[in-house]
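Remarks on the structure that follows.
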Amino acid sequence: MAELAVTAVGADRPGIVAAVAKVLHERGGNVEDSAMTILGGHFAIVLIVATDDDPDALRAALEQGTGPLELVISVSRAEGERRPHEPTHLLSVYGADHPGIVAGVTAALADLGANITDLETQVIGRDEPVYAMVIEVVADDEAALEDRLTSVCEELGVDHTLRTIEAETY
145 MAELAVTAVG
155 ADRPGIVAAV
165 AKVLHERGGN
175 VEDSAMTILG
185 GHFAIVLIVA
195 TDDDPDALRA
205 ALEQGTGPLE
215 LVISVSRAEG
225 ERRPHEPTHL
235 LSVYGADHPG
245 IVAGVTAALA
255 DLGANITDLE
265 TQVIGRDEPV
275 YAMVIEVVAD
285 DEAALEDRLT
295 SVCEELGVDH
305 TLRTIEAETY
């Protein structure tokens, strides 16, 4: 079986996940990895699916099976090797909302070779809104990471906290 990357985005409403999952199941696909979220009134799905299906055939089937939901669907081969994505650090960034926060912080992480495994942002509050960003990161050199983040966040006029994530033992 090949792995395909499937994305679907549309106005948030009940039934999106069920409709997509139904088509995948009917075509013998197995969802191996997924992320789903609501952003600004839109629901977004990203899936890695193990299937014998051709990407174009699966996209057509998903478009037909989810037609009334008016989703924008993309299907492509999931290229590249799978790497473990266990984050080593949790980074929180917060301050007055302004352009450039995500660009500045993520550029600093990229410069250090840190891998972002999850990133969420939100503006909190109405009277005095605060921009909050939480990032899960895989990074080797915590001291270099802290030094670079301190510098970048100071330039951006935001605060940050960096915490080590301890591996859970089961």
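According to this note's numbering, the sequence shown is numbered sequentially starting from 145. Beta carbons are placed, not taken as given, at the ideal position from N, Cα and C, and that holds for glycine.
Practice task
Could you have a look at Glu230 and say whether DSSP puts it in helix, strand or coil?
Solution key: As a working mapping, residue 230 is identified with position 86 in the sequence shown. Under the three-state reduction of DSSP output, Glu230 falls in the coil class, being neither helix nor strand.
What is the DSSP secondary structure of Thr294, reduced to helix, strand or coil?
Position 150 of the sequence shown, counted from the start, is the residue given in the question as residue 294. DSSP places Thr294 in helix when its eight states are reduced to three.
request  = Return helix, strand or coil for Thr250, following the three-state DSSP convention.
outcome  = For the purposes of this step, residue 250 is taken as the residue at position 106 of the sequence shown. Residue state, collapsed to three classes: helix.
For His242, does the count of other Cβ atoms within 10 angstroms reach 16, so buried, or fall short, so exposed?
The residue given as residue 242 occupies position 98 in the sequence shown. Exposed, by the Cβ-count rule.
### Task
Please check the pair Val164 and Leu206, which I expect to be a contact at CB under 8 Å, by giving their CB distance rounded to whole angstroms.
Mapped onto the sequence shown, residue 164 falls at position 20. Mapped onto the sequence shown, residue 206 falls at position 62. In this structure, Val164 and Leu206 form a Cβ contact; the two beta carbons are roughly 7 Å apart against a cut-off of 8 Å.
Whole angstroms is fine: what's the gap from Gly211's alpha carbon to Ile192's?
Within the sequence shown, residue 211 is the residue found at index 67, counting from 1. Within the sequence shown, residue 192 is the residue found at index 48, counting from 1. Cα-Cα distance, rounded: 21 Å.
Q.
To the nearest angstrom, how far is the alpha carbon of Ile189 from that of His304?
A. Position 45 of the sequence shown, counted from the start, is the residue given in the question as residue 189. Position 160 of the sequence shown, counted from the start, is the residue given in the question as residue 304. When rounded, the distance between both Cα atoms is 29 Å.
Exercise. What is the residue span of the alpha helix (DSSP H) that His186 lies within?
Worked result: Sequence index remark: in the sequence shown, residue 186 carries index 42 (1-based). Run containing His186: none in the alpha helix (DSSP H); it sits in the beta strand (DSSP E), 186 to 195.
*Which residues mark the beginning and the end of the alpha helix (DSSP H) in which Arg203 is found?*
Residue mapping note: residue 203 aligns to position 59 of the sequence shown, counting from 1. Looking at the DSSP string, the run of the alpha helix (DSSP H) that includes Arg203 is 199 to 209.
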